[in-house]
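Number of protein chains: 4
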Amino acid sequence: MIRVGIIGATGYAGGELVRILLGHKDVEIKWFGSRSYIDQKYASVYRNMFRLVDDVCKDDNMAALAQEVDVIFTATPQGLCASLVNDDILSKVKIIDLSADFRIKDVSVYEKWYGIEHKSPQYIEEAVYGLCEINREDIKKARLLANPGCYTTCSILTAYPLVKEGLIDPDTLIVDAKSGTSGAGRSAKVPNLFCEVNESMKPYGVASHRHTPEIEEQLGYAAGKEIVISFTPHLVPMNRGILATEYASLVRKADGSLPTKEEIRAAYEKYYANEQFIRLLDDGEVPETKWVEGSNLVDIGFKIDSRTGRIVMMGAIDNLVKGAAGQAVQNMNLMFGLPENEGLQIVPMFP
Amino acid sequence: MIRVGIIGATGYAGGELVRILLGHKDVEIKWFGSRSYIDQKYASVYRNMFRLVDDVCKDDNMAALAQEVDVIFTATPQGLCASLVNDDILSKVKIIDLSADFRIKDVSVYEKWYGIEHKSPQYIEEAVYGLCEINREDIKKARLLANPGCYTTCSILTAYPLVKEGLIDPDTLIVDAKSGTSGAGRSAKVPNLFCEVNESMKPYGVASHRHTPEIEEQLGYAAGKEIVISFTPHLVPMNRGILATEYASLVRKADGSLPTKEEIRAAYEKYYANEQFIRLLDDGEVPETKWVEGSNLVDIGFKIDSRTGRIVMMGAIDNLVKGAAGQAVQNMNLMFGLPENEGLQIVPMFP
Amino acid sequence: MIRVGIIGATGYAGGELVRILLGHKDVEIKWFGSRSYIDQKYASVYRNMFRLVDDVCKDDNMAALAQEVDVIFTATPQGLCASLVNDDILSKVKIIDLSADFRIKDVSVYEKWYGIEHKSPQYIEEAVYGLCEINREDIKKARLLANPGCYTTCSILTAYPLVKEGLIDPDTLIVDAKSGTSGAGRSAKVPNLFCEVNESMKPYGVASHRHTPEIEEQLGYAAGKEIVISFTPHLVPMNRGILATEYASLVRKADGSLPTKEEIRAAYEKYYANEQFIRLLDDGEVPETKWVEGSNLVDIGFKIDSRTGRIVMMGAIDNLVKGAAGQAVQNMNLMFGLPENEGLQIVPMFP
Amino acid sequence: MIRVGIIGATGYAGGELVRILLGHKDVEIKWFGSRSYIDQKYASVYRNMFRLVDDVCKDDNMAALAQEVDVIFTATPQGLCASLVNDDILSKVKIIDLSADFRIKDVSVYEKWYGIEHKSPQYIEEAVYGLCEINREDIKKARLLANPGCYTTCSILTAYPLVKEGLIDPDTLIVDAKSGTSGAGRSAKVPNLFCEVNESMKPYGVASHRHTPEIEEQLGYAAGKEIVISFTPHLVPMNRGILATEYASLVRKADGSLPTKEEIRAAYEKYYANEQFIRLLDDGEVPETKWVEGSNLVDIGFKIDSRTGRIVMMGAIDNLVKGAAGQAVQNMNLMFGLPENEGLQIVPMFP
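Residue numbers (our numbering), protein chains in the order written: chain U, 1 to 351; chain W, 352 to 702; chain Y, 703 to 1053; chain H, 1054 to 1404.
In structure tokens, the structure reads:
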């Protein structure tokens, strides 16, 4: 049994980790960390866990925790993981960080977009970016894993094969993303109240959202050059789900013609044909967030617009699963040599 | 492997059966019956099943189906199961009927409340009412199983121990129930459109809903006499969940005092202490539908109101799981000698 | 022009007051009081008011305010109005208090249910309970008006004629009420977050909600005796609306028969036939909250259940309008001799 | 009093017309046309209108109707208005068509995108496109008015000043639009059921939605040349509201610099400073659909992204008001010489 500790177990991503790990046959959760609820029963915070989890919440003492478990998940605000990690801890346990601390290789980019000083820049280099479908082999060897952001997972996977194959011009890439409200976290703020979110739709973080450099860095690797994109997140009155609608100019062939839909499909299949969590939709189908709810799946569709020479790529995930806890468990499975889908064969729930 | 056939696989309860059975290790679904979608891919109807189910939909030929499977689930409108079943079929397969056809022992009551003639009254007597926590031993021996209604499951389980123990006066019982909209089914009707349901709340079927006699019959067995109750269902703008708020006068003790909360709790525990799907909440806690979403759990709480001498009993279930497909699988497990919770250890999803 | 001051203008009820009063041709709002937002633009708090309201928020200095306006609305937490009011203020302005401070005549009942000491019990006697359809003549003469609670308005009006006419036994009255989430106010608390409320339904304040004694007092006047009722509020995932489903035993006639539906209807019409804000629905119709959204209307329906001898009475209002701000304006109109519906002829918005 | 007839009064746009016109002091609705509900009470279809509208629904006999009213609104499916209108009718009444029949000047474009033959192409030339803020003077003289589409109203107004002033390159324009579900109409279809829409988000009509050529035509006039854009609508789980997020490359100045935000703001103000229904938001503010709900307002914000050289323009309307019925009434006011805002001074409702 893999012994697991969670720091930040009472946020929405932490709660989702618990839900998924309870169904993972090779895992035992030994530590439910939550500074806000120390000594309170975990099930009093998430009452869906009543009689399923008997533990009380503990503090976020990573050094103590490192003695007791094999892997630590940090589902905490930016900066916390970087402030706690050290050589001793890394020598004892694997760390899967769901925050942004180790996602961006250029520390100055991190510090600029996040507005905080990075406390452990010395570990950035070795940290592996845990987008499983892209970095699988590196992940298997990682001891410090940077779990991707929710928007980034969806945005990158939706465009990756076409960028990698040079079928689209990455500098024309525009990502218009829509997220369920669980992405805003569980903190008590007026803009997240039911009556403020319900029956409304709004953009936020326009041209300034922190997931932008993360998308740019990863798709830049695929493009083989630095790229700059437009990224606009929106808040949607639903609990879960991210839909990314992505626009880019297709790269015309030598004869001036656009790539065909068969060529686009072939590019997607080249990278995803054997991916069990990525479903390339049939021609003419578009993803809906509901069809992946509760699962680790990514649904991807596309439409070529010959009038404009652009392609519209569309991807959908559950932000708490493939966008957070599910991908974290997928990474854990890879890091511990388990079947990649262990505990993640969750059928989407509808309706 | 138990071979399963589903008639009515494209309604919401049928879809939920598929979701649950895909996670059941001893089951193989052999027949996705749906008269409306014959020869269409099941995953084109429920796109959450894309790449998870490759089958096409078949018609509802129960005789042919009986040759191929061990158990047939009928998740169909009232009257269909009764019109199809016969001795030959019953000699070959077990039938779990999610409609009301075999729930009510008095055929005249059925015909009055449902407004249709019963086509197979000869099987009513042998049919077993599949409320697992109450009729477990009979269920194990059943070949024709009447799966309880969603409102009834919640309403009965919430009050059963107190009726059985004579702690409340069953003739004062009032059940005010609230249901998510999936209970209204997947048929295309204006009152079920998003814009009609969203941001609204309404009662329906007031003093005339068909689940009333079913509750009365079952609680009547517990009371040892015929009872008449008030039952009012309401439509709530949410997908899943039933909440039953039930009121009854407590039976005073010889000294005129009311039963204590400890005595009430003891009554619940007498019947439910070992039930893995029933969670008796701690003192002062009330059930919320969200805490059981997607699971087969029943959450029950109560509050004694000494001012009025009444008790308020509250129960919550997921109408599609414990109120339909989950309980049907629980019944199947009992009927086939499997662990009762096989395929049903689903952790509720939050948020 | 009536000069209006609002203390507590940035809560949901306060915001609704502003919305309604902006459409009232005889009113000018002179004071947008909000201790939390002093000196901030009102339209920065409620951005629907951008370019419609240019004022900044002011503090809650009732003495200063009394110099400048003709009427003060207090849409504030319990206790504030009672702590501010005094003889000097009452000699200068009329006060319409949307809190509970002056609703309950017996100060000990108030102090017990609200858990606070009443700071101005000397004004309780003269305060008029502002349920317009019941107390119209007294309201016209009031200088201190206790605006009824949202649940209470709906609960009382739905049952009042039948209690008053002795058609139901008030001691059997059970009120099962369901409210949109704006009733929980605009304070930042985890249980009111979108993801906590959405897709869920729950009871709260079971057998202990503060609106209980208010309903009992008012219906007690109608019954001509003290009564005790069961009242259970529920939180519904919608912004606005209250639905009250009320159960009571009908009083049988000398010959043992139940009142007929014509007799019930006649009782309602006796009191409400000329009420422009109360719509007695046609036979067989039930109220839905959506049909009154945004308006000052009360929709009432009923169903006699001859099996149980009970009647089910159902009422729906918009909790922020007839349940708060709309009724407050209706009271203001009465107190200032204006047409009762001035500014309130709002057609419900659908969908 | 202007006598009004509505053909298609029982769709959502028709219902909204009734709501708005009931509050218009110069209007009397004489004809509630609805082929589906002939001879049924209008208030039985929209029960918010109970006791507010006593009329029954009539058929769609435009010739008969032309005898009785001064203006006819057609809120009907594409093709109907064009099939009914003739010289005689146009000589007697003004027609405001909420369908697309007369919006597009090139009949072949209409027939291609809508897939139907146009029955009255002879009237296309004289029809005036009723986007009030752009075509005000022509509207005043129109007898046949083509009321703009919901998506188009929002999309055009959000970008118009920048296209007109040459500040953005119109060929780079991408409109990612999100709509509440009332835009899908009131017909009973499975994809519009509550459980299908709720808790989900999806694109539809990708690179093929019928509002595309309408946006292109109108913005083409502003650009002074034909343009081709990308337009993607999305369905959002809310009743009302459209949010358009629009991306375009800014046209650099001679010195290579981007336009400043002051220059962008000046362009917007040049066209909209005196428009009472358009609110240009303050710097850094973004529109939310909720802030305009129920009103005829358009909220517009923008953000320059110097990293990409693009601008993000964002606009929000209520699709049923400024996107349909409200704009139709605004057009009527212009056509009849009334104050443009008569009946439209509706304060947005929040929450």
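Glycine residues also receive a C-beta, built at the ideal position from the N, C-alpha and C atoms.
Worksheet entry | Proximity winner among W:G575, W:M589, W:S559, W:I578, relative to A544 of chain W (alpha-carbon distances) | The sequence shown places Leu at residue 544 of chain W, rather than the Ala named in the question. Of W:G575, W:M589, W:S559, W:I578, the smallest CA-CA separation from L544 of chain W is found for W:M589.
Worksheet entry | Three-state secondary structure (DSSP) of M313 of chain U | strand
Worksheet item: Can you tell which of Y:K807, Y:I841, Y:A909 has the C-alpha that lies nearest to the C-alpha of E827 of chain Y?
Response: Comparing Cα-Cα distances from E827 of chain Y to each of Y:K807, Y:I841, Y:A909, the minimum goes to Y:K807.
Worksheet item: Taking 9 Å as the CB-CB cut-off, is T1010 of chain Y touching chain A?
Response: Here the protein chains are U, W, Y and H, and chain A is not one of them.
Worksheet entry | Element boundaries [alpha helix (DSSP H), containing K1166 of chain H] | Sequence inspection shows Trp at residue 1166 of chain H; the Lys mentioned does not correspond to that position. Element bounds for W1166 of chain H: 1160-1167.
Worksheet item: Which whole runs of the beta strand (DSSP E) in the region 1157-1229 of chain H are 3 residues long or more, in chain order?
Response: 1197-1199
Practice prompt. Output, in sequence order along the chain, the residues in the region 1226-1241 of chain H whose CB is closer than 7 Å to any CB in chain U.
Written response: I1227, D1229, K1231
Worksheet entry | Proximity to I1082 of chain H [Cα-Cα], best of H:I1357, H:D1358, H:R1363, H:V1124 | Closest option to I1082 of chain H, Cα to Cα, is H:V1124.
Discussion item. Please tell me whether D60 of chain U and I7 of chain U are closer than 9 Å, where the distance is taken between their beta carbons.
Written reply: yes
Item to complete: May I have the straight-line CA-CA distance separating A417 of chain W from N437 of chain W, to the nearest angstrom?
Response: 11 Å
Discussion item. Just to confirm before moving on: does the CB-CB distance between Y970 of chain Y and E835 of chain Y stay below 9 Å?
Written reply: E835 of chain Y sits away from Y970 of chain Y, with the two beta carbons spaced by 9 Å or more.
Worksheet item: Alpha carbon to alpha carbon, what distance is there between S608 of chain W and A617 of chain W?
Response: 17 Å
Discussion item. For G907 of chain Y and T427 of chain W, what's the separation of their Cα atoms in angstroms?
Written reply: Looking at the two C-alpha atoms, the distance is approximately 39 Å.
Fill in: Residue ranges of each alpha helix (DSSP H) within the region 528-604 of chain W, 4 or longer
Runs of the alpha helix (DSSP H) inside the region 528-604 of chain W: 545-548, 562-574.
Fill in: Which of helix, strand or coil DSSP assigns to E1063 of chain Y
It is not possible to answer for residue 1063 of chain Y, since the shown part of chain Y is limited to 703 through 1053.
Item to complete: Kindly list, in the order they appear in chain U, the residues whose Cβ is closer than 8 Å to that of P1404 of chain H.
Response: C195, E196, N198, E199
Practice prompt. Look at the Cβ atom of C856 of chain Y, then the Cβ atom of L945 of chain Y, and state whether they are nearer than 9 Å.
Written response: Closer than 9 Å, so yes.
Item to complete: Mind listing the chain U neighbours of V1000 of chain Y? Cutoff is C-beta to C-beta under 7 Å, in chain order.
Response: Here the premise fails: no neighbours, minimum Cβ distance about 22 Å.
Item to complete: In the DSSP assignment, find the alpha helix (DSSP H) that holds I371 of chain W and state where it starts and stops.
Response: 363-373
Worksheet item: Any residues in the region 336-348 of chain U with a beta carbon nearer than 7 Å to a beta carbon of chain W? Which ones, in chain order?
Response: V347, P348
Worksheet entry | Chain-ordered neighbours of L1296 of chain H on chain U, where CB pairs are closer than 8 Å | M201, K202, P203, H234
Item to complete: Decide if the region 131-151 of chain U is in contact with the region 326-333 of chain U; the criterion is three or more beta carbon pairs, one per stretch, under 8 Å apart.
Response: yes
Fill in: Residue span of the alpha helix (DSSP H) that contains I798 of chain Y, given as start and end
Segment 796-799 is the beta strand (DSSP E) holding I798 of chain Y; no alpha helix (DSSP H) there.
Worksheet item: Of the residues that make up the region 352-382 of chain W, which ones have a beta carbon closer than 9 Å to any beta carbon in chain U?
Response: Listed in sequence order: Y363, G366, E367, V369, R370, I371, L373, G374.
Practice prompt. Please determine, among W:V587, W:M352, W:E367, the residue with the shortest C-alpha to C-alpha distance to P348 of chain U.
Written response: W:E367
Discussion item. Since L1226 of chain H and A1153 of chain H should fall inside the 8 Å C-beta cutoff, what is the C-beta to C-beta distance between them, to a whole number of angstroms?
Written reply: In fact, because the Cβ distance is near 21 Å, the residues do not count as touching under 8 Å.
Worksheet item: Is the CB-CB distance between D1141 of chain H and A1180 of chain H below 9 Å?
Response: no
Practice prompt. Please confirm whether D1020 of chain Y and E990 of chain Y have their CB atoms less than 9 Å apart.
Written response: no
Worksheet item: Out of curiosity, what's the CA-to-CA distance linking L1198 of chain H and K1147 of chain H?
Response: 8 Å
Worksheet item: To the nearest angstrom, how far is it from the Cα of V286 of chain U to the Cα of V541 of chain W?
Response: Looking at the two C-alpha atoms, the distance is approximately 25 Å.
Worksheet item: In its own chain, which residues sit with a C-beta less than 8 Å from the C-beta of F1103 of chain H, not counting the 5 before and 5 after it?
Response: A1096
Item to complete: Tell me whether D1007 of chain Y is buried or exposed, calling it buried when 16 or more other Cβ atoms sit within 10 Å of its Cβ.
Response: buried
Item to complete: Can you pull the chain U residues whose beta carbon is under 7 Å from the beta carbon of Y1300 of chain H, in chain order?
Response: I174, S230
Worksheet item: Any Cβ of chain W within less than 9 Å of the Cβ of N1033 of chain Y?
Response: no
Practice prompt. Hey, could you find the ends of the beta strand (DSSP E) L786 of chain Y is sitting in?
Written response: Taken as a continuous stretch (DSSP letters only), L786 of chain Y belongs to no beta strand (DSSP E), being part of the alpha helix (DSSP H) at 782-786.
Fill in: Proximity test, E477 of chain W beta-carbon vs the ligand GDP heavy atom, cut-off 8 Å
Judged by which ligands are present, the structure shown has none, so any question about the ligand GDP falls away.
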